[in-house]
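Structure first, then comments.
2 protein chains.
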Amino acid sequence: MEIDYSKVKVVGFDADDTLWVNETYFREAEHEFARLLSGYETENKIDQELFKTEIKNLDIYGYGIKGFMLSMMESAIDLSNGRIDAKVMTKIIDLGKKMLNHPVELLDGVEEVLKSLSERNYRLIVLTKGDLLDQERKLEKSGLSDYFHHVEVLSDKKVSNYKNLLDHLEIPEEEFLMIGNSLKSDVLPIIELGAHAIHVPFHTTWAHETVRDEDNNGGYHTIDSLKEVLDLL
Amino acid sequence: MEIDYSKVKVVGFDADDTLWVNETYFREAEHEFARLLSGYETENKIDQELFKTEIKNLDIYGYGIKGFMLSMMESAIDLSNGRIDAKVMTKIIDLGKKMLNHPVELLDGVEEVLKSLSERNYRLIVLTKGDLLDQERKLEKSGLSDYFHHVEVLSDKKVSNYKNLLDHLEIPEEEFLMIGNSLKSDVLPIIELGAHAIHVPFHTTWAHETVRDEDNNGGYHTIDSLKEVLDLL
Chain H
25 MEIDYSKVKV
35 VGFDADDTLW
45 VNETYFREAE
55 HEFARLLSGY
65 ETENKIDQEL
75 FKTEIKNLDI
85 YGYGIKGFML
95 SMMESAIDLS
105 NGRIDAKVMT
115 KIIDLGKKML
125 NHPVELLDGV
135 EEVLKSLSER
145 NYRLIVLTKG
155 DLLDQERKLE
165 KSGLSDYFHH
175 VEVLSDKKVS
185 NYKNLLDHLE
195 IPEEEFLMIG
205 NSLKSDVLPI
215 IELGAHAIHV
225 PFHTTWAHET
235 VRDEDNNGGY
245 HTIDSLKEVL
255 DLL
Chain S
25 MEIDYSKVKV
35 VGFDADDTLW
45 VNETYFREAE
55 HEFARLLSGY
65 ETENKIDQEL
75 FKTEIKNLDI
85 YGYGIKGFML
95 SMMESAIDLS
105 NGRIDAKVMT
115 KIIDLGKKML
125 NHPVELLDGV
135 EEVLKSLSER
145 NYRLIVLTKG
155 DLLDQERKLE
165 KSGLSDYFHH
175 VEVLSDKKVS
185 NYKNLLDHLE
195 IPEEEFLMIG
205 NSLKSDVLPI
215 IELGAHAIHV
225 PFHTTWAHET
235 VRDEDNNGGY
245 HTIDSLKEVL
255 DLL
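So the sequences go chain by chain: H and S. Per our numbering, the very first residue in the first sequence carries number 25; after that it's consecutive. Per our numbering, the very first residue in the second sequence carries number 25; after that it's consecutive.
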């Protein structure tokens with residue numbers, strides 16, 4: 025596929041599961057949650073109920089760990105028919121706090137790619153969803169802050185969110201490349217906008233972030249490791 | 025007091041309790057929370073414990089309703105010595121969701137002031153703390169979005185947060201005026217930075233946002249109603 029990246033001046037990076045590990049900790053927390061409630065339901069049923077509760081609450085809570093904690097609480101009450109013990113609820117709160125305090129684990133090649141692109145005078149920005157405070161904290165812990173000209177935490181990653189941001193930062197579409205692990209959030213809306221995108225799948229992707237094949241119209245590269253960005257740009 | 029606002033080009037507004045009512049709903053939720061737990065402790069003791077829990081969790085949860093909900097849950101478990109009923113927990117979740125869905129109630133004179141300042145070509149921006157999604161939703165519900173050139177949700181409102189923002193937006197200190205209800209968050213850091221601030225106290229202010237008199241070195245106007253801004257600028 026011939027894609028011309030020669031006009032690109034600004035490179036946007038998704039953060040969770042593009043720069044550092046994230047979903048893995050959610051999957052681990054879900055397992056732990058299922059274990060805590062194993063007296064009431066099967067792990068499969070617990071997973072399904074928690075996912076349903078998260079989707080139901082997404083409009084009101086948005087993305088991030090605090091909303092996930094609140095949805096775990098609500099599911100725990102539902103799944104136990106109100107018989108849930110306060111000790112278990114405390115464990116759910118502790119589980120969430122542990123996620124919020126988790127050290128940041130960079131993905132392979134991240135520092136190398138950011139360093140190289142910086143040296144070649146690309147303007148690098150971070151575009152992420154989630155809790156503002158949590159994302160700022162992770163960026164600080166990552167030691168990567170100095171590579172980025174701008175950090176934007178978006179409440180969602182739809183075409184309109186990206187359009188407002190590019191307008192606000194005065195970046196023409198053809199000069200913008202977005203790199204991320206989620207087709208739905210980081211790639212398809214960007215292609216629709218007429219900007220560039222590169223997809224770097226992460227081994228674990230939340231069910232809500234997956235898209236069906238027919239939603240995928242092409243026009244972007246998919247790479248196995250972030251390092252391959254250096255072969256494309 | 026002689027303060028020269030003639031260089032001001034950009035006016036930043038705090039949102040909660042400056043543009044619209046906010047603390048009142050927290051106070052109402054706290055009363056309701058105390059009522060739900062009245063079998064375990066006095067209202068005074070419940071208030072104190074909840075406040076302690078919120079302060080303890082502020083670093084990890086940040087500002088906003090979701091963190092408040094999680095702190096209510098944690099306090100409920102503690103105050104009841106783990107005897108809390110799941111029905112009460114559900115009521116706490118419902119209390120928080122009701123806050124998140126609350127209609128926006130504009131404060132007196134807000135629309136008049138924004139309209140007048142816009143017409144006089146001041147650039148207006150919103151600078152607020154709290155949950156990103158929640159603040160975006162409130163701004164949309166308020167019908168005020170079109171008055172603002174920029175909306176920034178900050179994880180905190182310390183001198184460094186304001187400094188980064190003014191640098192990023194390329195606004196010189198002397199051209200910036202911040203208007204808000206919190207001395208601690210909206211006024212004192214701005215004065216320290218060498219920009220202008222106007223204090224519009226709200227009748228209810230969260231204990232964490234109050235400052236002792238000796239922290240207050242002057243250099244700003246305090247007004248009773250937002251409309252008085254039009255007499256100063």
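Virtual Cβ for every residue (Gly too), placed ideally from N, Cα, C.
task: Could you name each continuous alpha helix (DSSP H) segment of 4 residues or more that falls completely within the region 134-207 of chain S, going from the start of the chain to the end?
output: 134-143, 156-166 and 183-193
message: Between the region 158-173 of chain S and the region 123-135 of chain S, can you find at least three pairs of beta-carbon atoms closer than 8 Å?
response: yes
message: Let me check understanding here. Comparing Cα to Cα, which of G242(S), Y85(S), H220(S) and S142(S) lies closest to K122(H)?
response: Y85(S)
message: Against chain H, with Cβ distances strictly below 9 Å, would N125(S) count as a contact?
response: yes
query: Below 8 Å, can you find three or more Cβ-Cβ pairs linking the region 104-115 of chain H to the region 175-195 of chain S?
result: no
message: Can you look up A219(H) in the DSSP assignment and give me helix, strand or coil?
response: coil
- prompt: Under a Cβ-count criterion, where at least 16 other Cβ atoms within 10 Å of its own Cβ denotes burial, should S249(S) be classed as buried or exposed?
  reply: exposed
task: Give a yes or no on whether 9 Å exceeds the smallest Cβ distance from R107(S) to chain H.
output: yes
message: Can you give me the C-alpha to C-alpha distance between T152(S) and A39(S), rounded to a whole angstrom?
response: 6 Å
query: Considering only C-alpha positions, which residue in the set I70(S), L130(S) and H245(S) is nearest to V45(S)?
result: L130(S)
- request: Pull up the CB-CB distance for L207(S) and F200(S), whole angstroms please, since I reckon it's below 8 Å.
  value: No, L207(S) and F200(S) are not in contact; Cβ-Cβ is about 17 Å, not under 8 Å.
- prompt: Bridge partners of H227(H), per DSSP?
  reply: DSSP, once it has assigned bridges, lists no residue as partnering H227(H).
- prompt: In this structure, does DSSP put V34(H) in helix, strand or coil?
  reply: strand
- prompt: Smallest Cα separation from I214(H): which of F226(H), P196(H) and H227(H)?
  reply: P196(H)
message: Along the region 90-105 of chain H, where does the CB come closer than 8 Å to a CB of chain S? Name the residues.
response: K90, G91, M93, L94, M97, E98, I101 and S104
Under the three-state DSSP convention, the category H245(H) falls into: strand
Continuous alpha helix (DSSP H) stretch holding V112(S): start and end: A110 to L124
task: Could you tell me the boundaries of the alpha helix (DSSP H) in which Y49(S) lies?
output: E47 to L60
Buried/exposed call for K34(S), threshold 16 Cβ in 10 Å: The sequence given here places Val at residue 34(S); Lys does not occur at that position. With 16 or more other Cβ atoms within 10 Å, it is buried.
- request: Work out the CA separation of A53(H) and G120(H) for me, nearest whole Å.
  value: 8 Å
- prompt: Are S95(S) and L74(S) touching if we call contact CB-CB under 9 Å?
  reply: yes
field: Residues of the region 111-122 of chain S with Cβ closer than 7 Å to any Cβ of chain H, in chain order
entry: K111, M113, T114, I117 and K121
CB contact below 9 Å: E160(H) versus chain S: yes
Under 7 Å from the C-beta of Y85(H): neighbouring residues of chain S: K90
query: Where does D132(S) sit, in a helix, a strand or coil, going by DSSP?
result: coil
task: Pick helix, strand or coil for D40(S), following the three-state DSSP scheme.
output: strand
message: The alpha helix (DSSP H) that contains D28(S), what's its start and end?
response: It is not in any alpha helix (DSSP H) - D28(S) carries neither H nor E in the DSSP assignment.
task: Starting from the beta carbon of S169(S), find every residue of chain H whose beta carbon is closer than 8 Å, and list them in chain order.
output: Those within 8 Å of S169(S) in chain H number zero; the least Cβ separation is about 11 Å.
- prompt: DSSP on E238(S), reduced to helix/strand/coil?
  reply: Bear in mind that the predicted position of E238(S) carries a pLDDT of just 46, short of 50, making it too unreliable to give a figure here.
- prompt: In chain order, what residues of the same chain have a beta carbon less than 8 Å from the beta carbon of E98(S), not counting five sequence neighbours either side?
  reply: T77 and N81
message: Measuring straight from C-alpha to C-alpha, what distance separates F37(H) and K139(H)?
response: 13 Å
task: Name, please, each residue of chain H whose Cβ falls closer than 7 Å to the Cβ of V183(S).
output: Neighbours of V183(S) on chain H: none; closest Cβ ~16 Å, over 7 Å.
task: Closer than 6 Å by C-beta to A221(H): which residues in its own chain qualify, once you throw out the five before and the five after it? Chain order, please.
output: M202, V211, I214, I215 and Y244
task: Step through the CB atoms of chain S and report whether any lies within less than 9 Å of the CB of D132(H).
output: no
- prompt: For Y87(S), which of helix, strand or coil comes out of DSSP?
  reply: coil
task: Pull out every residue of the region 175-202 of chain H whose Cβ sits closer than 9 Å to any Cβ of chain S, in chain order.
output: V177, L178, S179, D180 and H192
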